[in-house]
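Following: one structure in structure tokens, then a few remarks.
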Amino acid sequence: MSTPTAGIFGPETALARFGRTLFTLLLCLHFMLAYMAESVFLRLPDYVAGHERLPYQNRELPMLLMRAAGHVHALTKVAAHLPFGDHTVPSLVMALLAFFGMLAAVYATRGTIQALTGDASLARWIALLVVLMSYFDLASTWGLNYTAPYDVPSLAFFALGIWLIVTGRLLGLYPVFLIATFNRETTIFLVLFYILWNSVGKKAKPSVIALNAIILTALWIAIKLYLAHRFQGNPMDGDNGLFASHARQNLKFLLPQQWPVLLSVCAFTLPIVIACRRWIRNPAYSAAAGGVMALWFLGMMVVGVLVELRIFAEWAALVTPFLALILHHRFSHEPAAA
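All letters in the sequence shown, in the order written, are residues 1091 to 1428 by my numbering.
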């Protein structure tokens, strides 16, 4: 981690802090409304009952929250007056997950940026790019524009995991990793980030890195086996099982006519990161985030659908710190930690 600096934007007054906080809340609220305006991919009644198609039912964390909320009578009355969705408690829970999940993703990414640059003022504002990127990845009004209850929580958990790894809070990583894996299986990429961040940055002994990586991977496998057993009787969504291959289809999506869609991942910021990569100047983060994104893309070439941009939603938690490092080193004379 780097030492605190004066920052690009300078100190923040109490009034400015209030205004920024209000702006952040309104931004997350607007995202939630845009997100909920899209159609829900899952059949929520079946999902809450545990009968939805696989592999989607295996992402059960929102289901558990929806079931618990269904026992609160007051929430039923609130849901009946929602300006979106089907006016049910599951829709209300999904909206709350979108709002608070986005808020958590912003603040977790802010913590990561501050740890990497030492610039609190930069972190406060650049972290809001997570919301902008999520509009393109999760709330787009064109393309495969549907939503799922576990999408925004997945981004929030991933951003929180990155922050915990970068700041060396290993004891906090374990419970977050455990809960997040019940939400979506992409937490396995946090293990890769942990390995690369600590190995390249020489932040822990190889034996310690290996031990924690093995434990986290074993925990991930155990949870996935448990979920597979629990919902083994559920129907499969055609050939869309977790390990179904879409490689041939995705090769067609790499043709030039799909480039505008693919480049819109993370709000068209990936070309900026590539063009300005010399200003990142953080080998450990470059290796960890770059390695995760490369393997993620290769994995989604096989099991995902590339033009379904929501499969890259967690990238916002990786790309935003890249942009922050570029701005920090381009416009500040304070060095960041390697």
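Note that CB positions come from ideal geometry on N, CA and C, so glycine has one too.
- Residues Glu1128, Ser1129, Val1130 and Phe1131 of the same chain have their beta carbon placed closer than 8 Å to that of tyrosine 1236, with the five preceding and five following residues left out of the count.
- Within the stretch 1288-1322, complete alpha helix (DSSP H) segments of at least 4 residues are found at 1296-1320, given in chain order.
- The residue from Ala1106, Ala1294, Leu1254 and Gln1147 with its alpha-carbon nearest to that of methionine 1326 is Gln1147.
- Per DSSP, the unbroken alpha helix (DSSP H) holding glycine 1381 starts and ends at 1373-1393.
- Taking a cut-off of 8 Å on C-beta distances, the stretch 1137-1147 touches the stretch 1312-1326, as three or more cross pairs fall below it.
- Taking the Cβ atoms as the reference, serine 1289 lies roughly 26 Å from alanine 1403, outside the contact range of under 8 Å.
- In the displayed model, serine 1422 falls within coil according to three-state DSSP, outside both helix and strand.
- Taking the Cα positions, leucine 1245 is about 7 Å away from alanine 1407.
- Annotated three-state conformation of tyrosine 1240 is coil, per DSSP.
- Counting other Cβ atoms within 10 Å of its Cβ, serine 1297 stays below 16 and is therefore classed as exposed.
- When secondary structure is reduced to three states using DSSP, serine 1335 falls in the coil class, being assigned neither helix nor strand.
- Note that the C-beta distance between arginine 1420 and leucine 1228 is not below 8 Å.
- The continuous alpha helix (DSSP H) containing cysteine 1118 extends over residues 1104-1126.
- For the options Trp1215, Ala1124, Ile1370 and Leu1309, the alpha carbon positioned closest to that of phenylalanine 1189 is the one of Ala1124.
- Beyond the five residues adjoining it in sequence on each side, alanine 1170 comes within less than 6 Å, by CB distance, of His1177 in the same chain, given in chain order.
- According to the DSSP assignment, arginine 1214 belongs to the alpha helix (DSSP H) that extends over 1210-1216.
- The beta carbon of leucine 1413 sits closer than 8 Å to the beta carbons of Ile1216, Leu1219, Thr1359, Ile1362 and Val1363 from its chain, once the five residues preceding and following it are set aside; these are given in chain order.
- DSSP places serine 1181 in the helix class (H, G or I) of the three-state scheme.
- Cβ atoms of valine 1382 and phenylalanine 1279 come within 8 Å of each other, at about 5 Å.
- Between leucine 1309 and leucine 1268, the gap from beta carbon to beta carbon is short of 8 Å.
- Residue range 1219-1228 is occupied by the alpha helix (DSSP H) that includes leucine 1219.
- Beta-bridge annotation (DSSP): leucine 1144 is paired with Met1326.
- Valine 1266 is not a Cβ neighbour of threonine 1307, given a cutoff of 8 Å.
- By the 16-neighbour rule on beta-carbons within 10 angstroms, tryptophan 1386 is buried.
- In the three-state reduction of the DSSP assignment, valine 1130 falls in the strand class, which pools E and B.
- In this chain, alanine 1357 is not harboured by any alpha helix (DSSP H), its DSSP state being neither H nor E.
- Threonine 1257: not part of any alpha helix (DSSP H); DSSP gives it neither H nor E.
- In this structure, leucine 1182 and leucine 1172 form a Cβ contact; the two beta carbons are roughly 6 Å apart against a cut-off of 8 Å.
- Here alanine 1198 is buried, its C-beta having at least 16 other C-beta atoms within 10 Å.
- Straight across, the Cα-Cα distance linking alanine 1238 with lysine 1342 is about 25 Å.
- Scanning Pro1350, Val1138, Ala1164 and Lys1293 for the CA closest to the CA of leucine 1396 turns up Pro1350.
- Residue range 1151-1159 is occupied by the alpha helix (DSSP H) that includes leucine 1154.
- When secondary structure is reduced to three states using DSSP, isoleucine 1370 falls in the coil class, being assigned neither helix nor strand.
- By the criterion of a C-beta distance shorter than 8 Å, tyrosine 1316 is surrounded by no residue of its chain, once the five residues flanking it on both sides are discounted.
- Taking the CA atoms as reference points, threonine 1271 sits about 34 Å from tryptophan 1369.
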